[in-house]
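Peer 1: Residue numbers (this note's numbering), protein chains in the order written: chain S, 1 to 227; chain A, 228 to 454; chain P, 455 to 681; chain G, 682 to 908; chain F, 909 to 1135; chain D, 1136 to 1362.
Here a beta-carbon is modelled for each residue, glycine too, at the ideal position from N, C-alpha and C.
Number of protein chains: 6
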Amino acid sequence: MYEMGVVRRNIVRADAGAVQRLSAFGSATIHEAMGRVGLMQPYMRPIYPGAHLAGTAVTVLLHPGDNWMMHVVAEQIAQGDVVVAALTADCTDGFFGDLLATSFRARGAGGLVIDAGVRDVKDLTAMGFPVWSKCVSAKGTVKATLGSVNIPVVCAGAFVNPGDVVVADDDGVVVVPAARAGAVADAAGAREANEADKRAKLAAGVLGLDMYGMREPLAKAGLRYVD
Amino acid sequence: MYEMGVVRRNIVRADAGAVQRLSAFGSATIHEAMGRVGLMQPYMRPIYPGAHLAGTAVTVLLHPGDNWMMHVVAEQIAQGDVVVAALTADCTDGFFGDLLATSFRARGAGGLVIDAGVRDVKDLTAMGFPVWSKCVSAKGTVKATLGSVNIPVVCAGAFVNPGDVVVADDDGVVVVPAARAGAVADAAGAREANEADKRAKLAAGVLGLDMYGMREPLAKAGLRYVD
Amino acid sequence: MYEMGVVRRNIVRADAGAVQRLSAFGSATIHEAMGRVGLMQPYMRPIYPGAHLAGTAVTVLLHPGDNWMMHVVAEQIAQGDVVVAALTADCTDGFFGDLLATSFRARGAGGLVIDAGVRDVKDLTAMGFPVWSKCVSAKGTVKATLGSVNIPVVCAGAFVNPGDVVVADDDGVVVVPAARAGAVADAAGAREANEADKRAKLAAGVLGLDMYGMREPLAKAGLRYVD
Amino acid sequence: MYEMGVVRRNIVRADAGAVQRLSAFGSATIHEAMGRVGLMQPYMRPIYPGAHLAGTAVTVLLHPGDNWMMHVVAEQIAQGDVVVAALTADCTDGFFGDLLATSFRARGAGGLVIDAGVRDVKDLTAMGFPVWSKCVSAKGTVKATLGSVNIPVVCAGAFVNPGDVVVADDDGVVVVPAARAGAVADAAGAREANEADKRAKLAAGVLGLDMYGMREPLAKAGLRYVD
Amino acid sequence: MYEMGVVRRNIVRADAGAVQRLSAFGSATIHEAMGRVGLMQPYMRPIYPGAHLAGTAVTVLLHPGDNWMMHVVAEQIAQGDVVVAALTADCTDGFFGDLLATSFRARGAGGLVIDAGVRDVKDLTAMGFPVWSKCVSAKGTVKATLGSVNIPVVCAGAFVNPGDVVVADDDGVVVVPAARAGAVADAAGAREANEADKRAKLAAGVLGLDMYGMREPLAKAGLRYVD
Amino acid sequence: MYEMGVVRRNIVRADAGAVQRLSAFGSATIHEAMGRVGLMQPYMRPIYPGAHLAGTAVTVLLHPGDNWMMHVVAEQIAQGDVVVAALTADCTDGFFGDLLATSFRARGAGGLVIDAGVRDVKDLTAMGFPVWSKCVSAKGTVKATLGSVNIPVVCAGAFVNPGDVVVADDDGVVVVPAARAGAVADAAGAREANEADKRAKLAAGVLGLDMYGMREPLAKAGLRYVD
């Protein structure tokens, strides 16, 4: 799957309208709307609480300890993109800091998702540049080895094609294939449509047992109440 | 120990006065007052800083990837309870979100302690609904398998009987057996009684070495000072 | 290397002026200025965001579950010191809380770096006493076994001699050998001198590819652009 | 739950016949026979492949870095017992080696289950003394702090009462409450009774889909076959 | 990417001759021949030393705690296949034991690669049925939720399409896209062709520094020798 | 501490007689003889059971993903040396395989201790070339960045000076400073002198409680026996 030393310049990004609609939902809702798939591993955490991000993926594949390709991917960023950085092997180094964030932002990036470490988190927080990463580390990297840009990658356990939609918030990072973006936005919308009603009922003390009609299937499954 | 498919409706909760008294202490003080035991593993972290919780445990045992019993336990919550959710095996899925939190709160729960993941943490934070969990994950669950409610459980390494007192804060989660709640509150109070005095002395530059009379036992143990 | 039961009273601290100059830089800059070495493991995290610390190390070697030597090290603290606590084996117990922090501060300590757990983090945060630790745990310790004070230690993977400079922030903890403090401060300053200029260029949309002259070496390494 | 500094001399051990019958089954079969509960965490591994153990638990609660109580528990061992060692907090130290194994064996112990480290594993292997542990570590411990013997403990996530049956093999460690030992042995036997028949059918190419009648429920759940 | 509740019956398997040729190489050689990509995470370990496996992937996507689809995938196995089991979220349960292994082998499977736990490892070892897994666990699973069979999956960080070649040994698991199988076999062969010669030289005391002509580039990079 | 790009050719190795004497003891005994210090982290495991190693350290500092310096260190190996490879940041790549092992052995190395991954473990096992590593991984590395040879390093949490004695076995890896090698060998010998006698007593059923005179200090510490 992985070709090394390749930069794809032309990628097909998900429909902008669908991205816009998806940006209104949380990662949990979108993941449910997709059939409970598409999530990155839960070790991917935002560098500050309340961070939110939705955009189209430009991908970069990095080797441990080497961030050379981060400069290469910068040129491929279009307005509204999210950089998704995958690694060929586990690494906790800090591949990204405030200078690269300044560059990425200038090129139009909304944020970064990286399966490794980042640094300058105080500055990134002050800039309001959202990053989801495996860890924070002051450890720098070299610029010696080629990876690739805009090839399909596996990032934190999720498969990402260039142009896919990435939505990230406090709950995690979810990837929506570009071709399904509209349909998933529809399904997410349908899912949220009656949440307000449910919330009101639950707040009034109605039990999920009754609201969802669970008592009968639970009894059938053998649930016993004892005093 | 674990019976599956059972809901105990009548549990004996710790004395309300003792719970009230215990709520004034931090988890560290209570754990010391119990003889340095009763703590859950330190991987249990609050979803927002400053969260604090004290109440009586209603317990639920869940299987990996299945939160059906969370709806069953909701019905057993009384005012001032804390839901303690244990798992039969490690799982990072998000078993709990804002809808369940709305339901739990409506039933009187003060918070949740769960040895797995939760989601909607932004909403839970906005609600001020405190949760201590192993992780945060947008990953949803199914509703297919019976666990049990209000049986004794092991949660994050701690043994919890229904009705035990749970106190949680930024330092962690401690469990006080219901029968010992009053005695532990007494011991915690005694422990804190002279802390203000100690703090003042230490702030004035008095050394613990002198205040606690450690110089002689240290010398006996063989401590040598060299220049 | 490790002598047990020894307290060295006279240590040579890094030059105060160099410490002062180093305190102006982040841990990432200093680590780069040293040749990309000297960092503790990235699992060392501040107990509150924005914490910053720079000072000279007084070291203490602790055994798992035993914080007796924390009282011994208190006496050796001079104004501007940082206590660096290493462990002879992995342990997550809470070795340090608000009383010890009160004592350490009264003796002149700027903060603590500990390869284990701490507790009372709400109080420590309120005090503004910065701590970098492996974890937070309410679990207390005993006072039964001798370790040592002001011997060379390995803390979270970094070698620390008493008197070395420790700089810590949101990105991690870096250790600068006392003898190199001035030179590292110089190198860090040189490194930051033209950062403002770089940042301005990147913010204007100039690419690192061009600013750093990377296009030719990338092409030589075999990078291919495809459409 | 945990009393410190207590040694219970008289415990009620599970029925010897039931232990004998349980010893014929693997940990996986017994765990299924109990309703899929009772297992310790999967990080508990035998120190050599093929190790097998079945016996009645004598329990010991240890503090991190301190194995004093291992000598106390030795006196409480009866023929056929298994020592189950729990910790008040995570610790990887080596609490047990060939001298203690010699002593435990002389007292009648069949093996050890410990939620921490052990050492002298080459000697233990040569002795054929089976141990399930969290890790192997040459790190020694002190003898300074009281724990307890034959109190209920949580070991590697499982609740163990003194006298309970412990069965361990390459798949892990399972705990059977003493009062249920006979019933669980019956259930395990019933479970294995038709395994030979099933194995023969599967070996002949019969599919579980057909043997277990899964095709209809899978179709009802919505499974689709596509070409 | 992930469709739930789907079984693809017709997949295009890699060329049998290429699989045969790839089976002669170790995972490390193949990974190098592919450009240092295609490996699963190193936590994937064989259940016994010396295990070796090469075959074409049939894939199955499982939910935590639920192995229902393992019976569904069994029907899709052809002679020489390797079952590759991915999970929608982290889970350590034992999804596979000796009965399923009997069934898989009867259908022609050479082995299993699973990003979760397995059990009955003593029996699997006796059968010589090789498995690479994240862990070993006696914990059983339910049969309640649909996953999918023969869809593209991410397993232990590697992307696997049905029909891809999987080669596994003591060093790990590598995945070769079906379309590249022949070319990778060629490259692996070329890589090994002169290894015997290199090994002989190194065994005779020739240094890699000289054999690979590294002295000049090292000097250029600034390497200094000091006495 | 860490100088980059430096190879020290002349190091002072520990006295050969002391190394010889130390080689007769296990890592646990030596660590006790040193005062319970000097051990690497317990995640360092031998690649095959029964591996044993004693020799003088030649050290190498590597960057993540780059094994260039392994060829540089080969030239510095003298008969009886042990190569100790430290990393500037966590990395699981396979830095070492059978070709390098052939070279190291030809130069006189007894084995390798590396705080990262290795590969070709089947070949290394067949060669009887002992390695202690953090993990096994088929993942290869590049040769692009300078580290150093024969500088002091921190390897898996232990400080190692070139020339120090390294002893490794199934229990772990211990480092003895060159200057203390003789004294530690003496202490280890004294420690083992009466082990045979102790073992015989324990095997005869004498309790450690009596043999070590623990009953009185336990009673003083407050141990209570209950029936």
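1) Which residues in the same chain have their Cβ closer than 6 Å to the Cβ of Val167/S, if we skip the five residues on either side of it in sequence?
2) Kindly provide the ranges of any alpha helix (DSSP H) runs that are 4 or more residues long and lie completely inside the region 1155-1191 of chain D, ordered along the chain.
3) Buried or exposed: where does Met1035/F fall if 16 or more other Cβ atoms within 10 Å of its Cβ makes it buried?
4) Look at Val538/P and Thr513/P and say whether their C-beta atoms are less than 8 Å apart.
5) Please name the residue, chosen from Ala528/P, Asp618/P, Val572/P and Ala555/P, that lies closest to Thr546/P on a Cα-to-Cα basis.
6) For Val1248/D, count the other beta carbons within 10 Å of its own beta carbon; 16 or more makes it buried, fewer makes it exposed. Which is it?
7) Under the three-state reduction of DSSP, which class applies to Gly232/A: helix, strand or coil?
8) Do you know offhand how far Asp1233/D's Cα is from Ala1017/F's?
9) For the region 1031-1074 of chain F, which segments carrying the beta strand (DSSP E) assignment without a break, of at least 3 residues, lie completely within its bounds, in sequence order?
10) If the cut-off is 8 Å on Cβ atoms, which residues from the region 1057-1079 of chain F count as contacting chain D, listed in chain order?
11) Compute the Euclidean distance between the alpha carbons of Leu1126/F and Gly1140/D, then round it to the nearest angstrom.
12) Between which two residues does the beta strand (DSSP E) containing Leu218/S stretch?
13) Is Ala18/S buried or exposed, if buried means 16 or more other CB atoms sit within 10 Å of its CB?
14) Ala633/P by DSSP, collapsed to three states: which one?
15) Please name the residue in Pro950/F, Val1050/F, Val1114/F and Pro1085/F whose C-alpha comes closest to that of Asp1023/F.
16) The alpha helix (DSSP H) with Gly435/A in it runs from where to where?
17) With a threshold of 8 Å, are at least 3 pairs of Cβ atoms found where one atom belongs to the region 434-442 of chain A and the other to the region 523-541 of chain P?
18) Hey, is Gly416/A's beta-carbon within less than 8 Å of any beta-carbon in chain P?
19) Mind pulling the beta strand (DSSP E) runs of 3 or more residues that sit fully within the region 777-808 of chain G?
20) Can you pull the chain B residues whose beta carbon is under 8 Å from the beta carbon of Leu436/A, in chain order?
21) Just checking Pro727/G against the ligand FMN - is the residue's beta carbon closer than 7 Å to any of the ligand's heavy atoms?
22) Determine the burial state of Gln701/G: buried for a count of at least 16 other Cβ atoms within 10 Å of its Cβ, exposed for fewer.
23) Does Arg272/A pass the burial test, meaning 16 or more other C-beta atoms within 10 Å, or should it be called exposed?
24) Contact between the region 194-202 of chain S and the region 141-157 of chain S is defined here as three or more beta-carbon pairs at a separation below 8 Å; is this criterion met?
25) Taking the C-alpha atoms as reference points, what is the distance between Ala1096/F and Asn615/P?
26) With DSSP as the reference, please indicate the residues paired to Asp308/A in a beta bridge.
27) Going by CA-CA distance only, name the one from Val121/S, Gly163/S, Leu223/S and Glu216/S that's closest to Ala14/S.
28) Taking the straight line between their C-alpha atoms, what separation do you get for Asp1216/D and Glu1138/D?
29) Counting only C-beta atoms, is Asp1028/F closer than 8 Å to chain G at any point?
30) Look up Val980/F in the DSSP assignment and say whether it is helix, strand or coil.
31) Using CA atoms only, rank isn't needed, just tell me which of Leu493/P, Gly489/P, Asn464/P and Arg462/P is closest to Val619/P.
32) Give me, in chain order, the residues of the same chain whose beta-carbon lies closer than 6 Å to that of Lys139/S; leave out the 5 immediate sequence neighbours on both sides.
33) Do you know how far the Cα of Pro177/S is from the Cα of Ser133/S?
34) I'd like to know if Val966/F contacts chain G, where contact means its C-beta is closer than 8 Å to some C-beta of that chain.
35) Taking 8 Å as the CB-CB cut-off, is Pro1265/D touching chain G?
36) With H, G and I counted as helix, E and B as strand and the rest as coil, what does DSSP make of Asp396/A?
Peer 2: Taking the structure as given:
1) If you number the first sequence from 1, residue 167/S lands on position 167. If we look at Val167/S and ignore the five residues flanking it on each side, its Cβ neighbours are Leu22, Ser27, Ile30, Ala54 and Val174.
2) 1162-1168
3) Translated into the one-based positions of the fifth sequence, residue 1035/F becomes position 127. Exposed, by the Cβ-count rule.
4) Start at 1 with the first residue of the third sequence, and residue 538/P comes out as number 84. Start at 1 with the first residue of the third sequence, and residue 513/P comes out as number 59. Yes, the pair counts as a contact, with Cβ atoms nearer than the cut-off.
5) Sequence index remark: in the third sequence, residue 546/P carries index 92 (1-based). Selected option, being the one with the closest Cα: Val572/P.
6) Start at 1 with the first residue of the sixth sequence, and residue 1248/D comes out as number 113. Flag for Val1248/D reads buried.
7) The sequence position of residue 232/A within the second sequence is 5, counting from 1. Residue state, collapsed to three classes: coil.
8) Residue 1233/D sits at position 98 when you count from the first residue of the sixth sequence. Residue 1017/F sits at position 109 when you count from the first residue of the fifth sequence. Asp1233/D and Ala1017/F: Cα-Cα distance of roughly 31 Å.
9) 1039-1044, 1061-1063 and 1066-1068
10) Asp1077, Asp1078 and Asp1079
11) Looking up residue 1126/F in the fifth sequence gives position 218. Looking up residue 1140/D in the sixth sequence gives position 5. Between Leu1126/F and Gly1140/D, the C-alpha separation is close to 9 Å.
12) Within the first sequence, numbered from 1, the residue matching residue 218/S stands at position 218. Counting along the chain, Leu218/S falls outside any beta strand (DSSP E), though it belongs to the alpha helix (DSSP H) covering Arg215 to Ala221.
13) By one-based count along the first sequence, residue 18/S stands at place 18. Under this definition Ala18/S is a buried residue.
14) Within the third sequence, numbered from 1, the residue matching residue 633/P stands at position 179. Here Ala633/P sits in helix by DSSP.
15) Position 115 of the fifth sequence, counting from 1, holds the residue named residue 1023/F. Of the candidates Pro950/F, Val1050/F, Val1114/F and Pro1085/F, the one whose C-alpha sits nearest the C-alpha of Asp1023/F is Pro950/F.
16) Working through the second sequence from its first residue, we reach residue 435/A at position 208. First-last of the alpha helix (DSSP H) with Gly435/A: Gly435 to Met438.
17) yes
18) As a working mapping, residue 416/A is identified with position 189 in the second sequence. No - not a single Cβ of chain P is within 8 Å of the one on Gly416/A.
19) 792-799
20) Judged by its chain identifiers, the structure shown contains no chain B, and its protein chains are S, A, P, G, F and D.
21) Only the bare structure without any ligand can be found here, which leaves the ligand FMN out of the picture.
22) Walking along the fourth sequence from the start, residue 701/G turns up at place 20. So Gln701/G counts as exposed.
23) To locate residue 272/A, count along the second sequence from 1; it is residue 45. Buried: at least 16 other Cβ atoms inside 10 Å.
24) With a cut-off of 8 Å, the region 141-157 of chain S and the region 194-202 of chain S do not count as touching, because too few Cβ pairs lie within range.
25) Residue mapping note: residue 1096/F aligns to position 188 of the fifth sequence, counting from 1. Residue mapping note: residue 615/P aligns to position 161 of the third sequence, counting from 1. Approximately 49 Å between the Cα atoms of the pair.
26) Taking the second sequence and counting its residues from 1, the one referred to as residue 308/A is at position 81. Under the DSSP definition of a beta bridge, Asp308/A partners with Thr283/A.
27) In the first sequence, counting from the first residue as 1, residue 14/S sits at position 14. Nearest of Val121/S, Gly163/S, Leu223/S and Glu216/S to Ala14/S, Cα basis: Gly163/S.
28) For the purposes of this step, residue 1216/D is identified with residue 81 of the sixth sequence, where counting begins at 1. For the purposes of this step, residue 1138/D is identified with residue 3 of the sixth sequence, where counting begins at 1. Rounded to whole angstroms, the separation of the alpha carbons of Glu1138/D and Asp1216/D is 22 Å.
29) Counting from 1 along the fifth sequence, the entry for residue 1028/F is found at position 120. Chain G, which has a Cβ nearer than 8 Å to the Cβ of Asp1028/F, makes this yes.
30) One-based indexing of the fifth sequence puts residue 980/F at position 72. Here Val980/F sits in helix by DSSP.
31) In the third sequence, the residue the question calls residue 619/P occupies position 165. Taking the Cα of Val619/P as reference, the smallest distance to any Cα among Leu493/P, Gly489/P, Asn464/P and Arg462/P is reached at Leu493/P.
32) As a working mapping, residue 139/S is identified with position 139 in the first sequence. So the qualifying residues of the chain are Asp93 and Gly94.
33) Residue mapping note: residue 133/S aligns to position 133 of the first sequence, counting from 1. Residue mapping note: residue 177/S aligns to position 177 of the first sequence, counting from 1. Distance between the alpha carbons of Ser133/S and Pro177/S is about 21 Å.
34) In the fifth sequence, residue 966/F corresponds to position 58, counting from 1. No, Val966/F lies away from the interface with chain G (no Cβ there is under 8 Å from its Cβ).
35) Along the sixth sequence, read from residue 1 onward, the residue named residue 1265/D stands at position 130. Output row for Pro1265/D: interface = no.
36) Here the question's residue 396/A lines up with position 169 in the second sequence. Looking at Asp396/A - three-state DSSP - the assignment turns out to be strand.
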